[in-house]
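Q:
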Amino acid sequence: MHAFLQFLGATGTVTGSKYLLEIAGKRLLIDCGLFQGYKTLRVRNWADLPVAPDSIDAVILTHAHLDHSGYLPLLVRNGFKGRVHCTHATADLCGILLPDSGHLLEEEARWANLRHSSRHDPALPLYTEQDARGCLPALVTHPFDKTVTLDGDIQLRFRPAGHILGSAVVEIEAAGQHLVFSGDLGRLHDPVMRPPASVQHADWLLIESTYGNRQHGQDDPRVRLGEIVRSTVARGGVLVIPTFAVGRAQVLMHHLEALRRSGEIPHVPTYLNSPMAIDATEIFVRHQGEHRLNHDQCAAMCKMAVAVQSPEESMALNEHAGPMIILSASGMATGGRVLHHLRAFAPDPRNTILFTGYQAGGTRGAAILGGARTVRMFGEEVPIRAHVENIPNFSAHADADEILTWLRGFSQPPKQTFVIHGEPDAADTLRRRIATELGWSVSVPDYLDRVRLDGAPHEAGANRPRA
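If you read the sequence shown in the working numbering, its first letter stands for residue 38, the second for the next number, and so on.
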């Protein structure tokens with residue numbers, strides 16, 4: 038019986054991670070993410086999957102970020118009946134991320150209907166908060182580094198990936214094949230998260246390439262963060278930080294607390310305006326063994342910012358004068374409360390918008406970083422006159438050199454390495470480095486490519502019907 042691997046997402050883009058593995062008579066979906074960014078990608082979320090959800094036996098999640106887990110509510114609503122396997126922290130984070138995603142999708146549809154800013158009448162959410170809560174009972178948790186056996190004598194193991202809490206490198210062994218899915222790899226020397234675990238063997242390897250064409254700078258990002266806070270405060274401005282609620286918000290609060298404690302930044306009002314990030318911070322404390330912070334550091338981080346819970350409190354912030362710091366989701370300004378803050382503060386040159394993570398093409402964050410003079414929000418064009426800053430060193434993704442270092446931990450080359458989860462230049466640059474520096478057989482798959490896992494060539498899959 039042949040085994041097949043099909044690429045249903047995160048090809049030519051960093052979003053929509055989905056990989057269909059047909060092996061030992063079973064269909065496994067590794068990751069179940071939403072497409073984000075360009076409209077040509079986002080419309081894929083509304084289309085039928087190329088494979089019927091009720092034909093999938095199980096889902097395996099590398100981690101909880103929405104580009105890896107955010108399609109789960111739709112998969113379950115559309116007929117998936119199996120289990121979703123993940124680590125303990127991933128399940129905890131999905132419990133807040135997915136319902137929050139459904140809530141935001143409903144809010145966006147409500148705003149579009151109020152402002153008549155959608156071509157659809159009425160505008161509908163991709164899924165609802167109820168849909169998201171309905172998929173959570175399917176989650177089944179496993180510890181790191183323990184081999185568990187699924188149906189069909191399929192062996193599964195999660196290894197720490199160091200990207201966010203619960204993030205895992207997934208190893209699957211079945212029918213004489215050993216597959217490794219990197220998920221999103223963390224930094225080798227991150228000040229908060231522990232490094233990704235080394236893996237020594239794979240027949241077939243899928244490696245992410247988010248930063249496959251770049252190296253993170255050697256400068257201490259905390260120093261630059263302090264400079265930006267001080268200059269914004271000196272102007273009497275507001276520092277708005279669009280932040281990923283899981284991982285990045287906690288890292289930023291840790292660094293801001295250290296800067297404040299050392300006297301490198303003044304005491305100014307600081308707000309964490311994301312109920313999801315507030316909940317994620319509590320989960321961060323609960324899973325202390327997965328990161329480097331001790332109990333006292335966790336406690337100090339939690340006290341750094343005032344937690345903003347209600348929509349009324351959130352809206353009231355927009356009436357405050359600076360100086361102050363607001364951390365608010367989402368990290369790429371694709372939705373959430375941060376949009377209201379950007380609409381309020383982006384037009385004022387005293388203020389600063391600070392990005393601290395990857396901005397996928399087609400997102401508002403990428404547009405603002407690219408120098409856009411206006412950005413569309415809530416059906417209107419908002420002028421961008423605030424200072425725009427970027428500290429990429431805060432990224433939770435391994436850069437190209439760190440990815441190559443991790444790959445050198447393999448005791449022998451895989452039969453084939455597939456470079457995924459990267460925009461075209463990043464993926465192809467990493468492909469060339471793997472081929473040149475390691476001498477491995479490596480390729481960059483296209484969307485819907487299907488590979489037979491016995492050395493057979495790719496099968497074109499762009500128009501493959503649902504199975």
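The C-beta atom is built at its ideal place from N, Cα and C for all residues, glycine as well. In this text the structure is predicted, and so the values were computed from the model without any measurement.
Return yes when the Cβ of Q43 is within less than 8 Å of the Cβ of L57, no when it is not.
A: yes
Q: Thinking C-beta only, is T411 closer than 8 Å to L242?
A: Inclusion of L242 and T411 in the CB contact set at 8 Å is not warranted, their separation being larger than that value.
Q: Quick one, which of I191, Q334, D221 and E208 has its alpha-carbon nearest I201's?
A: D221
Q: Look at L86 and I265 and say whether their C-beta atoms are less than 8 Å apart.
A: no
Q: My understanding is that A286 touches T280, with C-beta atoms under 8 Å, so please give their C-beta distance in whole angstroms.
A: The beta carbons of A286 and T280 sit about 5 Å from each other, so the pair counts as a contact at 8 Å.
Q: Find the nearest neighbour of K63 within the set S54, A40, S347 and I244, judged by alpha-carbon distance.
A: If we check each option's Cα against that of K63, A40 comes out closest.
Q: To the nearest angstrom, report how far apart V345 and I315 are at their CA atoms.
A: 9 Å
Q: Are the stretch 317 to 337 and the stretch 354 to 364 touching by the rule of at least three beta carbon pairs closer than 8 Å?
A: no
Q: Under the three-state reduction of DSSP, which class applies to C172: helix, strand or coil?
A: Helix.
Q: For L376 versus M352, is the C-beta distance shorter than 8 Å?
A: no
Q: Please state the DSSP three-state secondary structure of H69.
A: Looking at the sequence provided, one finds Cys at residue 69 rather than His. The answer is coil: DSSP assigns C69 none of H, G, I, E or B.
Q: Can you check which of these residues, G300, L296 and A282, is closest to D257 by C-alpha distance?
A: Nearest C-alpha to D257: L296.
Q: Determine, using beta-carbon pairs with one atom in the stretch 97 to 114 and one in the stretch 206 to 224, whether at least three such pairs fall under 8 Å.
A: yes
Q: So for N82, helix, strand or coil by DSSP?
A: In the structure shown, the three-state DSSP call for N82 is helix.
Q: Quick check for students: name the residue ranges of the beta strand (DSSP E) that lie wholly in the stretch 114 to 189, counting only runs of 3 or more.
A: 120 to 124, 176 to 179 and 185 to 187
Q: With 16 other CB atoms within 10 Å as the buried threshold, where does L151 fall?
A: exposed
Q: Using the rule of at least 16 other Cβ atoms within 10 Å of the residue's Cβ for burial, across every protein chain shown, is A497 buried or exposed?
A: The pLDDT assigned to A497 is 45, lower than 50, so where the model puts this residue is not dependable; a value taken from the coordinates is nonetheless given after this. Looking at its Cβ environment, which holds fewer than 16 other Cβ atoms inside 10 Å, A497 is exposed.
Q: List the whole-angstrom C-beta distance separating Q192 from A397, where the pair is believed to meet the contact cut-off of C-beta under 8 Å.
A: Between A397 and Q192 the Cβ distance is about 34 Å, and since that is not below 8 Å, they are no contact.
Q: Look at the alpha carbon of L490 and the alpha carbon of T52, and state the distance between them as a whole number of angstroms.
A: 24 Å
Q: Helix, strand or coil for D436, going by three-state DSSP, please let me know.
A: Here D436 sits in strand by DSSP.
Q: Among all the DSSP beta bridges, which residues are the ones paired with E418?
A: R413
Q: Would D190 be called buried (16 or more neighbouring beta carbons within 10 Å of its own) or exposed?
A: D190 counts as exposed, since fewer than 16 other C-beta atoms from the protein chains shown sit within 10 angstroms of its C-beta.
Q: In the DSSP assignment, what are the bridge partners of A229?
A: The sequence as given places Val at residue 229; Ala does not occur at that position. None, per the DSSP bridge assignment.
Q: Identify whether V345 lies in helix, strand or coil by the three-state DSSP scheme.
A: coil
Q: Using 10 angstroms around the beta-carbon of D68, count the other beta-carbons present and answer buried if the total reaches 16, otherwise exposed.
A: buried
Q: Among the residues of its own chain, which have a CB less than 6 Å from the CB of H424, if the five just before and after it don't count?
A: For H424, where only same-chain residues beyond five positions count, the Cβ hits under 6 Å are T389.
Q: Measure the alpha-carbon distance for L163 versus D483 and round it to whole angstroms.
A: 25 Å
Q: If we count the other Cβ atoms within 10 Å of its Cβ and call it buried at 16 or more, is E294 buried or exposed?
A: buried
Q: Have a look at H122 and D94 and give me their C-alpha separation to the nearest angstrom.
A: 11 Å
Q: In chain order, what residues of the same chain have a beta carbon less than 7 Å from the beta carbon of D436, not counting five sequence neighbours either side?
A: Y248, R251, Q252 and H253, listed in sequence order.
Q: Mind checking who R194 pairs with in its DSSP beta bridge?
A: R194 pairs with E208.
Q: Any contact between the stretch 123 to 133 and the stretch 167 to 178? By contact I mean 3 or more CB pairs, one from each, below 8 Å.
A: yes
Q: By alpha-carbon positions, which one of W148, H140, L98 and C172 ends up nearest to N115?
A: C172
Q: Can we say the stretch 226 to 239 touches the stretch 314 to 329, given the rule of at least three CB pairs closer than 8 Å?
A: yes
Q: Applying the 10 Å Cβ sphere with the 16-neighbour rule, what's the burial state of T50?
A: buried
Q: Distance, Cα to Cα, T393 vs E301?
A: 19 Å
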